[in-house]
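**Q** Counting from 1, position 75 in the sequence shown corresponds to residue 340 in our numbering; the numbering is continuous, with no gaps. All C-beta atoms in this analysis are idealised placements derived from N, C-alpha and C, irrespective of residue type, glycine included.
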Amino acid sequence: MEIEFKIFTLNCWGIPVIARNLADRIEAIGNFLAESEYDCVCLQEVWTESLFENIKRKVSKKLPYGHYFFSGSFGSGICMLSKYPIVDVYFHQWAVNGYIHKIHHGDWFGGKGVGLCKLKVDNYYVNVYTAHLHAEYNRECDEYMAHRVIQAFDTAQFIHFTSGGVDLVVLAGDLNTEPGDLAYRLLLTVPGLTDSFVKAQISEGIKSTTNESRNNSYTSSSLKKRDACGKRIDHIMYHPGSNLQVFLKKYDLPLEDRVPNKRFSYSDHEAISAILHINGDMASPAADNTTERILVLKESIDVLEKEMNNLKSHKRFYWLCGIFPFCLLLITIFVDVPSSFTIPYNIFRTILTMLALFFISMATIWNRIERSGVISSLLSMRILLERLSNEKSKI
Numbered sequence: 266m267e268i269e270f271k272i273f274t275l276n277c278w279g280i281p282v283i284a285r286n287l288a289d290r291i292e293a294i295g296n297f298l299a300e301s302e303y304d305c306v307c308l309q310e311v312w313t314e315s316l317f318e319n320i321k322r323k324v325s326k327k328l329p330y331g332h333y334f335f336s337g338s339f340g341s342g343i344c345m346l347s348k349y350p351i352v353d354v355y356f357h358q359w360a361v362n363g364y365i366h367k368i369h370h371g372d373w374f375g376g377k378g379v380g381l382c383k384l385k386v387d388n389y390y391v392n393v394y395t396a397h398l399h400a401e402y403n404r405e406c407d408e409y410m411a412h413r414v415i416q417a418f419d420t421a422q423f424i425h426f427t428s429g430g431v432d433l434v435v436l437a438g439d440l441n442t443e444p445g446d447l448a449y450r451l452l453l454t455v456p457g458l459t460d461s462f463v464k465a466q467i468s469e470g471i472k473s474t475t476n477e478s479r480n481n482s483y484t485s486s487s488l489k490k491r492d493a494c495g496k497r498i499d500h501i502m503y504h505p506g507s508n509l510q511v512f513l514k515k516y517d518l519p520l521e522d523r524v525p526n527k528r529f530s531y532s533d534h535e536a537i538s539a540i541l542h543i544n545g546d547m548a549s550p551a552a553d554n555t556t557e558r559i560l561v562l563k564e565s566i567d568v569l570e571k572e573m574n575n576l577k578s579h580k581r582f583y584w585l586c587g588i589f590p591f592c593l594l595l596i597t598i599f600v601d602v603p604s605s606f607t608i609p610y611n612i613f614r615t616i617l618t619m620l621a622l623f624f625i626s627m628a629t630i631w632n633r634i635e636r637s638g639v640i641s642s643l644l645s646m647r648i649l650l651e652r653l654s655n656e657k658s659k660i
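(1) Could you say if the stretch 607 to 624 and the stretch 584 to 593 meet the contact criterion of at least three C-beta pairs nearer than 8 Å?
(2) Based on DSSP bridge pairs, tell me the residues matched to Phe512.
(3) If you draw a straight line from the C-alpha of Ser658 to the C-alpha of Phe339, how long is it?
(4) Thinking C-beta only, is Ile498 closer than 8 Å to Asp439?
(5) Please confirm whether Gly279 and Glu310 have their CB atoms less than 8 Å apart.
(6) Would you say Leu453 and Leu562 are within 8 Å of each other, going by their C-beta atoms?
(7) Under a Cβ-count criterion, where at least 16 other Cβ atoms within 10 Å of its own Cβ denotes burial, should Met646 be classed as buried or exposed?
(8) So what does DSSP say about Asn276, is it helix, strand or coil?
(9) For Asp553, which of Ile351, His399, Ser473 and Leu653 has the nearest alpha-carbon?
(10) If you draw a straight line from the alpha carbon of Leu617 to that of Cys592, how long is it in whole angstroms?
(11) Would the stretch 441 to 451 and the stretch 384 to 401 be scored as touching if the rule is three or more Cβ pairs under 8 Å?
(12) Applying the criterion that 16 or more other CB atoms from any shown protein chain within 10 Å of the CB defines a buried residue, is Arg404 buried or exposed?
(13) Who pairs with Phe356 in a beta bridge, going by DSSP?
(14) For Tyr349 versus Ile268, is the C-beta distance shorter than 8 Å?
(15) What does the alpha-carbon distance come out to for the pair Thr484 and Thr474?
(16) Val306: which of Ile634, Ala437 and Val379 sits nearest, CA to CA?
(17) Mark His366 as exposed unless 16 or more other C-beta atoms lie within 10 angstroms of its C-beta, in which case mark it buried.
(18) Taking its Cβ as the centre, do 16 or more other Cβ atoms sit within 10 Å of Ser637, making it buried, or is it exposed?
(19) Kindly indicate which three-state DSSP category Cys494 falls into: helix, strand or coil?
(20) If you count every other CB in all the chains shown that lies within 10 Å of the CB of Ser428, and 16 or more means buried, which is it?
(21) Between Tyr503 and Thr459, which are expected to be in contact by the criterion C-beta below 8 Å, what is the C-beta distance as a whole number of angstroms?
(22) Starting from Ile566, trace the alpha helix (DSSP H) both ways and give me its first and last residue.
(23) Scan the stretch 373 to 420 and note each continuous beta strand (DSSP E) run of 3 residues or more that stays entirely inside, going in chain order.
(24) Could you name the residues of the same chain whose beta carbon sits closer than 8 Å to that of Asn319, not counting the 5 residues immediately before and after it, in chain order?
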């Protein structure tokens, strides 16, 4: 039996209040999907349940099954819509995901992770995973690199441990990692995935950037002036779960540059889609990528070991920052002020208390939480690396 599996993914930029033209864009996304013939749709940055329900109502005839992955303060932002029944669902929240005090970044509040929906596609079972890794805010000085590496490794391991017995594995979403980046290589090598864009061997001249694209209305004019405008951080990756033959039939960026009759794009990201052809014949044994997995694990371990040293430095920094307001607070206990200064004086003491509590909490509770997350992944990587090294030595 042969089937085609058509998948679509888009970061919808659905941040209430902040995202521009949100209501019109969500309506346009829903209208497009309602007129399309996709088997599965993965969406990211759908930050409220109401946005998900709006899209779900529009596409209910074509995609009757759907699931929103709840997590964190505002929901994980990721959801899935399907033409086929969803027979199983699971969400794995990552141990590290940015910092609570970096409110302007906001990743922590989403409680991000990787979501899994197992679909019954005729006589086949398909595991579709969707994720939205931590954003890269500064490529030259990336303070979240270790977090994103951990998220990529956790996702790769999650796919590896949950995909047994299925006929097709698909990972789709805004992975916030460019080709060649360590997180990208982890996602490909550890679970043995194939990048659909690379497999399609896209010819020169066809759009390949999925964020900060030159043709996107939300890309700033300063970025558009650069020669190297745009990056490919949204991906569809796949592999045959049960050694059946799976072929990539088509890779595409299906949305137009602008919403019909509007001056703005569907999102600040571009949508991507792929058509996968499942052949009932057995595939040839996959090529051995043990050497590549060993190299990428060693590089990842180096990153996490450096992060452990960074955490020690962060701990000292927060303790030093906490001591100063704490000492000032102690001094205020023994200082009397005129009654006319009572209110501003108490406000000053409140601010000192809040600063001391914040820095001491960062040096103790938060530092310990982050350290545990890093150590957990570091130990897992070392165990996997040791096993792969032993297997390699026996060949």
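**A** Considering the structure as presented:
(1) They touch, by the three-pair rule.
(2) Your numbering for residue 512 matches position 247 in the sequence shown. In the DSSP output, where bridge partners are listed per residue, Phe512 has His542.
(3) Position 393 of the sequence shown holds residue 658. Position 74 of the sequence shown holds residue 339. Taking the straight line joining both Cα atoms gives about 48 Å.
(4) The residue labelled residue 439 in the question sits at position 174 within the sequence shown. The residue labelled residue 498 in the question sits at position 233 within the sequence shown. Yes, the Cβ-Cβ distance between Asp439 and Ile498 is below 8 Å.
(5) In the sequence shown, residue 279 corresponds to position 14, counting from 1. In the sequence shown, residue 310 corresponds to position 45, counting from 1. For Gly279 and Glu310, yes; Cβs fall inside 8 Å.
(6) Residue numbering aside, residue 453 sits at position 188 when the sequence shown is read from its first letter. Residue numbering aside, residue 562 sits at position 297 when the sequence shown is read from its first letter. In this structure, Leu562 does not lie closer than 8 Å to Leu453 by Cβ.
(7) As a position in the sequence shown, residue 646 is number 381, starting the count at 1. Counting Cβ neighbours within 10 Å, Met646 comes out buried, since at least 16 surround it.
(8) Here residue 276 is taken as the residue at index 11 of the sequence shown, counted from 1. Of the three classes helix, strand and coil, the one that applies to Asn276 here is strand, per DSSP.
(9) Taking the sequence shown and counting its residues from 1, the one referred to as residue 553 is at position 288. Cα-wise, what sits closest to Asp553 is Leu653.
(10) Looking up residue 617 in the sequence shown gives position 352. Looking up residue 592 in the sequence shown gives position 327. Each residue's alpha carbon lies about 9 Å from the other.
(11) They touch, by the three-pair rule.
(12) As a working note, residue 404 is residue 139 in the sequence shown. Exposed, by the Cβ-count rule.
(13) Taking the first residue of the sequence shown as 1, we reach residue 356 at position 91. The partner list for Phe356 (beta bridge, DSSP) reads Gly380.
(14) Here residue 349 refers to the residue found at position 84 when the sequence shown is read from its first residue. Here residue 268 refers to the residue found at position 3 when the sequence shown is read from its first residue. Contact: no.
(15) Residue numbering aside, residue 484 sits at position 219 when the sequence shown is read from its first letter. Residue numbering aside, residue 474 sits at position 209 when the sequence shown is read from its first letter. A direct Cα-Cα distance of roughly 12 Å separates Thr484 from Thr474.
(16) By 1-based counting over the sequence shown, the position of residue 306 is 41. Minimum Cα distance to Val306 is reached at Ala437.
(17) Counting from 1 along the sequence shown, the entry for residue 366 is found at position 101. By the beta-carbon neighbour count (other beta carbons within 10 angstroms, threshold 16), His366 is exposed.
(18) As a working mapping, residue 637 is identified with position 372 in the sequence shown. Residue environment: Ser637 is assigned as exposed (fewer than 16 neighbouring CB atoms within 10 Å of its CB, all protein chains considered).
(19) If you number the sequence shown from 1, residue 494 lands on position 229. Cys494 falls in the coil class under three-state DSSP.
(20) Residue 428 sits at position 163 when you count from the first residue of the sequence shown. Ser428 comes out buried.
(21) As a first step, residue 503 must be located in the sequence shown, where it is residue number 238. As a first step, residue 459 must be located in the sequence shown, where it is residue number 194. In this structure Tyr503 is in contact with Thr459, their Cβ atoms being roughly 6 Å apart against a cut-off of 8 Å.
(22) Here residue 566 refers to the residue found at position 301 when the sequence shown is read from its first residue. Element bounds for Ile566: Thr555 to Ile598.
(23) Runs found: 378 to 386 and 389 to 397.
(24) As a first step, residue 319 is located in the sequence shown; it is residue number 54 there, counting from the start. So the qualifying residues of the chain are Ile291, Glu292 and Gly295.
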